[in-house]
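Residue numbers (our numbering): 192 to 648. We treat Cβ as the ideally placed atom computed from N, Cα and C, and that holds for glycine. Keep in mind it's a predicted model, so treat the numbers as computed, not measured.
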Amino acid sequence: MSDDTIRLVTIGRILRRRWRLLAVLAVVGALFGYGTSVLLLPPRYTTAASVLLPGQWEERELLTQVDIATSSAVVDRAAATLGWKGVSGTDLRDQVSAKADDGNIIKISGTADTPERAQRLSDQMAQQFVTFAVRIAGGSIDPAAAAETESLRKQVADTNRRITDLANAADPGQTVESVQARTELEGLRTALQDAMKKLEEANPATTNKASMVVMGPAPRPTGAAAPTRMQLIVGGALLFFLLAVIGHLAAARVSRRPRTEPEIAAALGSAFLGTVDVPGERRGHRPESRGPRSRIRRLLGVDTRWDIPTPQRSGDEADRRIRYRRVCARLRDQLPPPRRLLVVVPEGDEVARRAAGQLVAEATSDPLLRVVEVSVDRPVVPDRDTESGALVVLSAGSRTAEELADIAEACADGGHEVVGVVVAGTVRTRPTRTAGRPSDEATLALAVHGHATGGSA
């Protein structure tokens, strides 16, 4: 199996066994996104007003107009005209932008917390830009240039009158005087043409470039600008969901829990005696743990391991009992009589507890087994009485190497030598069962109840 397949199988296992936790975290992420949209990123609305620039414009000239449209002079005038309380030109500078589109069109965008304010801001920015641009282009010409233009206009008017007078007084004949008059007339016409040319050069296309047009009011926005509230809610849910999945994968990678039988036996410093199978229980048959913490864990689905493979289908009850009998046979071969052992089960390991009960039932009285559950945080094993040693039963991958070492040390403090390790694993049972044969659950309940009573006595 490739690494990619293994990753997909692992992710699928997380989704199947932690779907409740993932759903709760996704809801928490959605609430986080909603809170962000309310407190940090409230809804914003954006719209744009278009300004048409007639005539021929070069690209650099259009870029200049874009800069003018968002300049402090235009923004300050717009802020003063709007008169919004507590909003100055400096505040509006971050809420407006401009760009040049095809066809000599400048689009001025405004962003505000409501659609109405965004529309008013864009319209006012467009109007102030046109006013300011016209003033720069032709509304505020230098006085010297204005005087020169007026002088040229007067010269053109005087020349026109002079040409008219000469044309009326000229002799239509071929005398010297008439020829001179017509020559002077042609010279005046040439002067008129030069004066007109100078007049045009003094103000080239100013009228066209100054006649900017606002192409109607800005449309009122119908939706908030990105990121919208819904985007933040969905993004928060996806973020928390992905972080939860990544957290599960990272925890599995850095986990120091021994998973194989040799690793578990090495951590306990003892010999491995065998693996036994425990039928997987349905959720409704699990013993109910008390306390709010246990209820929350059960509600979120974190009371079961997710990083163990899916239980494989086992044989019938007779096949499973053979494994327990083989473990008991190895204990008889290994220990001299009387064979009395303390079966140590980590607290909270339900699979190991059921396996220990089944092992007691199969061993009958040879060897004589007594089951005790020890805390993993601070393991304490009863002092040695008539036992020949301790047998540790646990499920694979349930404890870290340090916790197993603490259990072995607790056994040594109680005077018990760890004579062997039995690893228990869950399996799926076949739906059919031999008639008249007691179920594993019934055998387990009788065995555990009987030995628990005897131990308390």
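Checklist entry - Of the choices G224, V321 and L232, whose alpha-carbon is the least far from that of F432? => result G224
Checklist entry - Given that a residue counts as buried once 16 or more other Cβ atoms are within 10 Å of its Cβ, and exposed if not, what is E345? => result It should be pointed out that residue 345 corresponds to Lys in this sequence rather than to Glu. So K345 counts as exposed.
Checklist entry - If we ignore side chains and look at the alpha-carbon of each, how far apart do G611 and E508 end up? => result 24 Å
Next on the checklist: DSSP three-state label for T196, please.
Outcome noted: In this prediction, T196 has a pLDDT of 49, which is less than 50 and means its spatial position is unreliable; what the coordinates show is noted afterwards. Of the three classes helix, strand and coil, the one that applies to T196 here is helix, per DSSP.
Next on the checklist: Once the 5 residues before and after I281 are set aside, which same chain residues still bring their CB inside 8 Å of it?
Outcome noted: It should be noted that the sequence gives Thr, not Ile, for residue 281. Cβ neighbours of T281 beyond the five flanking positions: none.
Item to check | Cβ-based neighbour list, L283, same chain, cut-off 6 Å, excluding 5 preceding and 5 following | outcome: V266 and A270
Item to check | Whether D604 touches V572 by CB criterion (9 Å) | outcome: yes
Next on the checklist: Please report the distance separating the alpha-carbon of T591 from that of E538.
Outcome noted: 14 Å
Checklist entry - Which stretch, first to last residue, makes up the alpha helix (DSSP H) that contains A509? => result E508 to Q525
Item to check | Given A309 as reference, the closest of Y236, R353 and A587 once Cα atoms are compared | outcome: Y236
Checklist entry - Distance, Cα to Cα, T374 vs S402? => result 42 Å
Item to check | Span separating the alpha-carbon of L199 from that of V542 | outcome: 27 Å
Item to check | Bridge-paired residues (DSSP) for I296 | outcome: L243 and D292
Checklist entry - Do you know whose CA, among Q315, A441, V534 and A428, lies nearest T261's CA? => result Q315
Checklist entry - Tell me which same chain residues have a C-beta within less than 6 Å of the C-beta of L595, skipping the five on either side of it? => result A458 and L459
Item to check | Cβ-based neighbour list, L559, same chain, cut-off 8 Å, excluding 5 preceding and 5 following | outcome: P529, R530, R531 and L532
Checklist entry - Considering P152, what are the terminal residues of the beta strand (DSSP E) in which it resides? => result Since the first and last residues shown for the chain are 192 and 648, residue 152 lies out of range.
Checklist entry - Using the beta-carbon count (16 or more within 10 Å), is G548 buried or exposed? => result buried
Checklist entry - Quick one, which of V518, N295 and I513 has its alpha-carbon nearest G246's? => result N295
Checklist entry - From S658 to A417, what does the alpha carbon distance come to, in whole angstroms? => result Since the displayed the chain opens at 192 and closes at 648, residue 658 lies outside it and no answer follows.
Next on the checklist: Per DSSP, what are the beta-bridge partners of Y236 in this structure?
Outcome noted: A303
Checklist entry - Which of the three DSSP states, helix, strand or coil, is assigned to R207? => result helix
Next on the checklist: Quick check on this structure: which residue in G203, S288 and T451 has the alpha carbon closest to the alpha carbon of T302?
Outcome noted: S288
Item to check | Residues near L232 in its chain [Cβ-Cβ closer than 8 Å; skip 5 each side] | outcome: P418 and L423
Item to check | Local Cβ density within 10 Å of P449, reported as buried at 16 or more and exposed below that | outcome: buried
Item to check | Proximity below 9 Å, CB of V614 to CB of L582 | outcome: no
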